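Encoded as structure tokens, the structure appears first; notes follow it.
Residue numbers (my numbering): 2 to 105.
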């Protein structure tokens, strides 16, 4: 019971870390668009990939640790982690598409 709560807390912390990194990536893309800078820094792509990797690790750990039965908190964590991974994929795609300036 306590071990399951620790694991759930760890997965939740991973999801939060992935979302914070994804939001940092989005912030960099928006600032670049507002300033009309030449190109995105390579660190933006690295942060986006790390965010996606963290989200995927959270999903894998959820699937691996909580196979026994569908507990309500595990289902909520899994749905949230899946939504986070989808968001992180869209962030990475946006960063790739917005990597070139279009400032006319």
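Backbone N, C-alpha and C fix where the C-beta goes; we use that ideal spot for every residue, glycine too. Small disclaimer: the values here were computed from a predicted structure and weren't measured.
*asked:* Check whether the segment 66-74 and the segment 33-52 touch, using three or more Cβ-Cβ pairs below 8 Å as the test.
replied: Not touching, per the Cβ criterion.
*Could you give the distance in angstroms between the alpha-carbon of residue 7 and the alpha-carbon of residue 37?*
For the purposes of this step, residue 7 is taken as residue 6 along the chain shown, with counting starting at 1. For the purposes of this step, residue 37 is taken as residue 36 along the chain shown, with counting starting at 1. When rounded, the distance between both Cα atoms is 45 Å.
*Inspect the beta-carbon positions of residue 15 and residue 58 and report whether they are closer than 9 Å.*
Position 14 of the chain shown holds residue 15. Position 57 of the chain shown holds residue 58. Yes, they are a contact pair.
*If you scan the segment 46-84 from start to end, which runs of the beta strand (DSSP E) of 3 or more residues do you find wholly inside it?*
None, since the segment 46-84 contains no complete beta strand (DSSP E) of that length.
*Tell me, to the nearest whole angstrom, how far the beta carbon of residue 27 is from that of residue 62; I am working on the premise that it is less than 8 Å.*
What you label residue 27 is simply residue 26 of the chain shown in a count that begins at 1. What you label residue 62 is simply residue 61 of the chain shown in a count that begins at 1. Rounded, the Cβ-Cβ distance is 25 Å, inconsistent with contact.
_DSSP three-state label for residue 7, please._
The residue you call residue 7 lines up with position 6 of the chain shown. Helix, per DSSP.
*Measuring CA to CA, which of 54, 25, 56 is closest to residue 44?*
Counted from its first residue, the chain shown places residue 44 at position 43. Nearest C-alpha to residue 44 among 54, 25, 56: 25.
*asked:* Counting C-beta neighbours from all protein chains within 10 Å, is the total for residue 17 16 or more, i.e. buried, or is it exposed?
replied: Counted from its first residue, the chain shown places residue 17 at position 16. Residue 17 comes out exposed.
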